[in-house]
Amino acid sequence: MSSSNVNPPVGESFPDSHSVSDSSDSSNEEGWEDVEPDEESQPVVGLFTDQIFPDARSMLKECKGKYNFDLLKIQKDLDLDFLDNIKLVNYVRTQVKKGNNTPDVSSKSNFEDDVYLKPVLEDDALLYSLDDLADEQGEDAVPATETNRQVLELQENLERLQNQFSEYRLAVQKSMDDQLSKEDDKLAESNPQPSAKAVDRLQDAEDGYFVSYAYNGIHESMLKDTIRTDAYRDFVYENKNVFKDKVVLDVGCGTGILSMFCAKAGAKKVIAVDNSNIIDRAKEIVHDNGLGDVITCIRGKIEEVTLPVEKVDIIISEWMGYGLLFEAMFDSVIYARDRYLAPNGLMAPSHATLRLAPYADPDFIASHISFWNNVYGFKMDSMLHKIYDEAVVRSTQPSTIVGGSQIFLTLPLHTITVEELSFLKEFQVTLNQDVDALDGWAIWFDIFFMPSRESVLPEDAIPSDMRKKGIVSFTTGPDGIETHWQQTILLIDHAKDQAKGGSQALKKGQVITGKIGYEKTEKGSRGVDISVQWESDSNEKGVQLWSLQ
Amino acid sequence: MDTESDSPQGITSSADRMVGMEHSEVRYFTSYDHHGIHEEMLKDDVRTRSYRDSIYQNRHIFKDKVVLDVGCGTGILSMFAARAGAKHVIGVDMSSIIEKARQIVDVNGLSDKITLLQGKMEEVNLPFPKVDIIISEWMGYFLLYESMLDTVLYARDTYLNPGGLIFPDKATMYVAGIEDGDYKDDKIGFWDNVYGFDYSPMKEIALNEPLVDTVEMKALVTDPCAIITFDLNTVTAADLAFKVPYALTAKRPDFIHALIAWFDIEFSACHKPIHFSTGPHAKYTHWKQTVFYLRDVLTVEEEERVTGWVENRPNDKNKRDLDISISYKFETPDATRAAEGGCFYRM
Chain A
1 MSSSNVNPPV GESFPDSHSV SDSSDSSNEE GWEDVEPDEE SQPVVGLFTD QIFPDARSML
61 KECKGKYNFD LLKIQKDLDL DFLDNIKLVN YVRTQVKKGN NTPDVSSKSN FEDDVYLKPV
121 LEDDALLYSL DDLADEQGED AVPATETNRQ VLELQENLER LQNQFSEYRL AVQKSMDDQL
181 SKEDDKLAES NPQPSAKAVD RLQDAEDGYF VSYAYNGIHE SMLKDTIRTD AYRDFVYENK
241 NVFKDKVVLD VGCGTGILSM FCAKAGAKKV IAVDNSNIID RAKEIVHDNG LGDVITCIRG
301 KIEEVTLPVE KVDIIISEWM GYGLLFEAMF DSVIYARDRY LAPNGLMAPS HATLRLAPYA
361 DPDFIASHIS FWNNVYGFKM DSMLHKIYDE AVVRSTQPST IVGGSQIFLT LPLHTITVEE
421 LSFLKEFQVT LNQDVDALDG WAIWFDIFFM PSRESVLPED AIPSDMRKKG IVSFTTGPDG
481 IETHWQQTIL LIDHAKDQAK GGSQALKKGQ VITGKIGYEK TEKGSRGVDI SVQWESDSNE
541 KGVQLWSLQ
Chain B
1 MDTESDSPQG ITSSADRMVG MEHSEVRYFT SYDHHGIHEE MLKDDVRTRS YRDSIYQNRH
61 IFKDKVVLDV GCGTGILSMF AARAGAKHVI GVDMSSIIEK ARQIVDVNGL SDKITLLQGK
121 MEEVNLPFPK VDIIISEWMG YFLLYESMLD TVLYARDTYL NPGGLIFPDK ATMYVAGIED
181 GDYKDDKIGF WDNVYGFDYS PMKEIALNEP LVDTVEMKAL VTDPCAIITF DLNTVTAADL
241 AFKVPYALTA KRPDFIHALI AWFDIEFSAC HKPIHFSTGP HAKYTHWKQT VFYLRDVLTV
301 EEEERVTGWV ENRPNDKNKR DLDISISYKF ETPDATRAAE GGCFYRM
């Protein structure tokens, strides 16, 4: 190895996937000159091979000769405008990538989807050469003597090209903007903090084109939550007879995974709706998997979009939020059911149950609550001020559940109404061990997929039992494998009861009765206010309100 | 935003929390984040102890001085400085966490020594025209992501007396190559087959997001290479956009899937300099390391070298975002292994 390699020479460069939005930086020659070579001869990757050609002309010549593919003729025959041309190139590249060397270009409609605005190759020089090519063709017709006119024409062409290109950038940018804003909505639902940040990202999108949207992580974690995704998959694939030739509506489709399960299971048609612009990715994914004929992706709120059908046979949806009802997405599912589900149609899942159990976790209290009493020699317990007002979503050990859990609400998806989602229910639990203090309440939910709308969920249904009976179901409780929903913990503020003696030890076998209520947080937000009022036979009692936001 | 006030380290950490499983102990989804983020900071013992030691061990430097704490968060550094004998401490933070800081300072009997101001550094009115010492915990992931360094530099240029001190005052960034096949497969390869479906549209996005995660020492394939040092006494905001070369020498035959970056921090104004590292060889910090997956897998032999450039600049539209480019060139007589390429990242 020669020593000159120790420090790469100034000006050494690398493929810059950002070059569209960064074109203004090309004036900064250092390090970028190889990337933005002479406009005249940008190397172009072949349409049908990976071969690199010195320019678009030679590449297209080869396409015409070897693959009987005449891009310029197609442009002319189909009367393609600038954006159409871009779509055409990306369509052809997509098809070839999938192994189809004879893409169907007989009609514009084959590649009119906006999906094809997105370059298949990074820095696809062909996309930027399209107009030159068209112009070069025309050039031959211009008499060489009319130099002035030619210059004028070229200037016009240049102007037009610039306009068209900025139009293209706008189109792509708009699609990115939409996508980001929708992602932000989604994010805002689950975490108010990054949303401010996300607004910044939205502004970023002006850079357009190449924007890494950081919320991939959310979809990744959803898909990797195998308890969740496996359950949907198992229900659909194990009940192909239910899905065969049916029309299915997927409410809040995300990346489209549930829709694709249904399509694979033989559904006649799947309509995937999402208000987030992840729908653009879903479209691509559906298309890449050859399911574009079955699945129709629609962007928008279910309350506002127009579906291509009057009624559907099945509604599938993964709508569950923290504490089940945080995010209020379930309202939209109920709307979809009332508006679109055929009289004998099926909801998947079909049932949800909400459970509550007494919670005691001295280790958690010590490491997260008592911690603030002495931080490097300072008292910082004012940091605790709000912790008791807010529900905590965290994963708890089964050992912290110190009594039997009780179902406080069963949600039959075929019949439940929005009004029933605000409620006050009684509960009674019995401690199964001695505790020094009742630290709070743990809430989680279980989900069941009954294969017909007539099926009745047994009282006190438990997913592990139901699975033995062949019913697909899962729990988000501490006894199950952890899901991204974890559990919702309501910590009791004993200091508030100091006058009444604060926390007290409780004995195994003691019974606690009370009422738990869910109300939507007022502002019409996606938050939920949860109240619990409780009393034990030893006079441990209290009432407290928590918000889940 | 600064690391100890209301903006958690944004995107990555919320994504982490969603994935969440391995860090469930300190991960909360809901508003407990407000507490959780501060708890995580304060419990980052390497961080907090380094600040404490650099202040408590230098009481002779802090005695009777006017101190400015830029991005004071819960006020812990301000309280360290007050206890060390400062004449007065001014803590500034944009976030509403400052209300908590006021209560905390009050409870600890330091209200007459510490003035807390909520607002932008550029807009608040300090009770002193000049200060003797600036303390700040401004570092973000990859040192500069969502960092407050530009605010610290503004405070330095506007308020610091000639000869005044900055704690800390030196930051050095490093890169190294790692073997990370399994995790790369988990993060990037995952999208090739999701329940039997091709999810490649998600893959490109995943490649362009640096990952903040802990990297085990044994994953290191190369020596580390220091790429840039910032001296806070002299650095300017413009210097935070940089393009620098690196050269890495493999220490064993292995594969390189990614480059990682980390930083070291030094309090050189101390009587006896104090420093800490956020590298894979050092004790865990909440900054972890930043992982940049390469498009290629480099198959390297011992003593072979990978060279390239790291370019970083604040995003034009959002200065707290970073546009990062990393190029690599692996030259070897064995043409089947030689590789060259680059990738753009945004965080």
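As you go down the protein sequences, you meet chains A and B in turn.
The first sequence runs contiguously to residue 549 in UniProt numbering.
The second sequence runs contiguously to residue 347 in UniProt numbering.
Virtual Cβ for every residue (Gly too), placed ideally from N, Cα, C.
Every value quoted in this text rests on a predicted model; they were computed, and no experiment measured them.
**Study point:** C-beta atoms of A:Leu421 and A:Gly509 nearer than 8 Å
**Key:** Contact check for A:Leu421 against A:Gly509 fails: the beta carbons are separated by 8 Å or more.
- [ ] May I ask you to list the residues that DSSP assigns as paired with A:Trp441?
- [x] Residue pairing by DSSP places A:Trp441 opposite A:Pro358, A:Leu490 in a beta bridge.
Chain A partners of B:Leu42, CB-CB under 7 Å? Val375
Does chain A have any CB closer than 8 Å to the CB of B:Asp198? yes
Margin query: Using 8 Å as the cut-off, can you tell me whether the region 253-262 of chain B makes contact with the region 281-301 of chain B, which would need three or more C-beta pairs spanning the two stretches below that distance?
Written below: Flag = yes, the region 253-262 of chain B and the region 281-301 of chain B touch.
Scan the region 189-254 of chain B and note each continuous alpha helix (DSSP H) run of 4 residues or more that stays entirely inside, going in chain order. 200-207
Which stretch, first to last residue, makes up the alpha helix (DSSP H) that contains A:Ala505?
-> It is not in any alpha helix (DSSP H) - A:Ala505 carries neither H nor E in the DSSP assignment.
Let me check understanding here. Comparing Cα to Cα, which of B:Leu110, B:Gly36, B:Ser147, B:Asp169 lies closest to A:Lys379? Nearest neighbour of A:Lys379 by Cα position, chosen from B:Leu110, B:Gly36, B:Ser147, B:Asp169, turns out to be B:Leu110.
| If you draw a straight line from the C-alpha of A:Gly252 to the C-alpha of A:Asp113, how long is it? | Rounded to the nearest angstrom, the two C-alpha atoms are 21 Å apart.
*For A:Ser473 and B:Pro273, the rounded distance between their alpha carbons*: 59 Å
Taking B:Glu123 as the reference, which of B:Asn161, B:Val92, B:Glu266, B:Asn312 has the closest Cα?
Measuring from the Cα of B:Glu123, the nearest candidate turns out to be B:Val92.
- Item | Interfacial residues, the UniProt domain "Methyltransferase" (67-164) of chain B to chain A, with Cβ spacing under 7 Å | Thr74, Ile76, Met79, Lys100, Gln103, Ile104, Val107, Asn108
*asked:* Can you tell me whether A:Thr229 is helix, strand or coil according to DSSP?
replied: helix
Beta-carbon spacing of A:Thr483, A:Arg228 below 8 Å
yes
Assigned exposure category for A:Tyr91 - 16 Cβ within 10 Å defines buried
buried
Open item on the list: Per DSSP, what are the beta-bridge partners of B:Phe167 in this structure?
Closed with: B:Ile135
| task | Determine the DSSP secondary structure at A:Tyr518, reduced to helix, strand or coil. | result | Strand at A:Tyr518.
Quiz item: Nearest to A:Lys98 by CA position, among B:Phe80, B:Met94, B:Ser200, is which residue?
Solution: B:Ser200
Buried or exposed for A:Thr353, going by 16 or more other Cβ atoms inside 10 Å?
The residue in question, A:Thr353, is buried, as its Cβ has 16 or more Cβ neighbours within 10 Å.
- prompt: To which residues of the same chain is B:Phe344 closer than 6 Å at the C-beta, ignoring the five residues directly before and after it?
  reply: Ser325
Can you tell me whether A:Ala360 is buried or exposed, with buried defined as 16 or more other CB within 10 angstroms of its CB?
buried
task: Determine the extent of the alpha helix (DSSP H) in which B:Gln289 is found, giving its start and end residues.
output: If you look at B:Gln289, you'll find it isn't in any alpha helix (DSSP H); it sits in the beta strand (DSSP E) that goes 289-300.
Q.
Let me make sure I understand the geometry here. Which of A:Leu78, A:Glu62, A:Asp124 has the alpha-carbon closest to that of A:Val44?
A. A:Asp124
Whole angstroms are fine: how far does the CA of A:Ser109 sit from the CA of A:Glu304? 26 Å
Buried or exposed: A:Pro349, going by 16 or more other Cβ atoms within 10 Å of its Cβ? buried
Cβ distance (whole Å) where A:Glu318 is taken to contact A:Leu258 below 8 Å: 6 Å
Report yes or no: is there a C-beta of chain B within less than 8 Å of the C-beta of A:Asp70? no
**Message:** For B:Cys225 and A:Ser332, what's the separation of their Cα atoms in angstroms?
**Reply:** 54 Å
(message) Is there a C-beta anywhere in chain A that falls below 8 Å from the one on B:Tyr195?
(response) Yes, B:Tyr195 counts as interfacial toward chain A.
Original post:
When you compare each of A:Ile74, A:Asp234, A:Asn101 to A:Pro451 by their alpha carbons, which one comes out closest?
Top reply: A:Asp234
Using 8 Å as the limit for Cβ to Cβ distance, is B:Pro168 near chain A?
no
**Study point:** Euclidean distance between Cα positions of A:Trp32 and B:Asp321
**Key:** Because the pLDDT at A:Trp32 is just 39, under 50, the model does not fix this residue reliably, and the point stays unresolved.
Three-state secondary structure assigned by DSSP to A:Trp546: strand
- Query: How about B:Ile114 and B:Val105: are their beta carbons less than 8 Å apart?
  - Reply: Going by C-beta atoms, B:Ile114 is nearer than 8 Å to B:Val105.
DSSP three-state call for B:Arg305: helix, strand or coil? strand
is_contact[A:Lys379, chain B] using C-beta, thresh 8 Å: yes
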